[in-house]
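> In this note's numbering, the protein residues as written are 532 to 884.
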Amino acid sequence: MRDQILEALSRVIDPELRKPVTELDMVRGIEIDGGDVTVTIALTVAGCPLRNSFQDQVAREVGGVPGVASVRLEFDVMTPDERAALTTKLRGGRPEEDRRIQLDPATRVLAVASGKGGVGKSSLTVNLAAALSSLGRRVGVLDADVYGHSIPHMLGIRQKPVLVDRLMIPPVKHDLKLMSIGFFLDDNQPIMWRGPMLHKALEQFLEDVHWGELDVLVVDMPPGTGDVSISLGQLLPRAEAVVVTTPQLLAQEVAVRAAEMALKTGMQLLGVIENMTSEVFGAGGGQRLATQLGVPLLGNVPLDARVRESADAGEPLVLADPDSEPARAVLEIARAVDEARSGGFTRTLPLVS
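(1) Would you report the Cα separation of M752 and D676, rounded to the nearest angstrom?
(2) Can you check which of these residues, L707, M685 and D696, is closest to G713 by C-alpha distance?
(3) Where does P754 land, buried or exposed, given buried means 16+ other C-beta within 10 angstroms?
(4) Under 9 Å between the Cβ atoms of Q765 and T796?
(5) So, with DSSP's three-state summary, where would you put D914?
(6) Can you give me the C-alpha to C-alpha distance between P683 and M532, rounded to a whole angstrom?
(7) Go ahead and pull the three-state DSSP assignment for R533.
(8) Pairs of beta-carbons, one from the stretch 683-703 and one from the stretch 739-746, closer than 8 Å: are there three or more?
(9) Exposed or buried, which one is E562 when buried takes at least 16 other CB atoms within 10 Å?
(10) Starting from T619, follow the beta strand (DSSP E) in both directions and report where the run begins and ends.
(11) Apart from the five residues on each side of it in sequence, which residues of its chain come closer than 7 Å, Cβ to Cβ, to L581?
(12) Is the beta carbon of V747 less than 9 Å from the beta carbon of L763?
(13) Considering only residues of the same chain and omitting the five flanking positions on each side of L604, which have a CB-CB separation below 6 Å?
(14) Determine the DSSP secondary structure at Q799, reduced to helix, strand or coil.
(15) To the nearest angstrom, how far is it from the Cα of R878 to the Cα of T638?
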């Protein structure tokens, strides 16, 4: 029965690390007394906010083993040496001193950019990430909009990342892994940083975060052409950029700058998304911008109050109301983006004039 229980525990997945507890050496003990089974799991940190997930999974998987009458789950906490060993395993056997980006080279990096704020870039980022996930992709979201970090609220994530021996484990919601500077601030505290600190923060989010196995990392870029845009281009120069604009002419003119910035930092310009298409803002600006840049128009997302309402509720509209017109539009954009996959990134740094 012990072998059967171990096999059942191999199907118990850590909700944050997304790996079996047996593979992560989290099974501290198994006690069998007739049909009564007690399993002890060692958590990475005390007070793990997702321990209920372990409770449900162990009850289901171990409880289904023939001969098991009852299942009891107990928790322990990893020792510092165990956490250090786990970190080394998560880093692929590399020591902590070996600083490198934690993304697999095959991971696709999709930067969602805009020339100015107020075009719905962040809400579009969240819905695009959720749509890609619904297509079967393993998706992470990096909230690089340092001064306007709103993604945690839009995804309804309240818990902070778990720190395992200096390696940050991003929280997960709606099957999306998220890292944001907002996790490290108290309340609505403003950020007053200059360029070097912004670069270091982005560097840490790529080097000290265990993203695990991702197909796509969607990056919510800050509006404009500032330091973060340059840093991302240097750290991930083969990222693909999607430019978001609203239909009016002024937004189109400003969005050109974001597109040119992406090209100068070595990114591939994937296409344009026109957001907030409506009688209020008009239509056609996205197509004009795409034609000017020589890239495809990936789609038009209509202005709809439900996009804002779902963002306030912490659930992307493509999940809350997938049959709504904006959700269907974003899903079509996600399909177009998915079909346009060009491959992962390279560490070759571009020259920035």
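Ideal Cβ placement from N, Cα and C applies to all residues, glycine included.
For this structure:
(1) 5 Å
(2) For the options L707, M685 and D696, the alpha carbon positioned closest to that of G713 is the one of M685.
(3) buried
(4) yes
(5) With the chain represented from 532 up to 884, any question about residue 914 goes unanswered, as that position is not in the structure.
(6) 43 Å
(7) helix
(8) yes
(9) exposed
(10) First-last for T619: P611 to L621, but that is the alpha helix (DSSP H), not the beta strand (DSSP E).
(11) These residues qualify, in order along the chain: P546 and E547.
(12) Cβ distance not < 9 Å, so V747 and L763 don't count as in contact.
(13) V570, Q586 and V589
(14) strand
(15) Unreliable placement is indicated for R878, whose pLDDT of 40 sits below 50; no coordinate value is reported for it.
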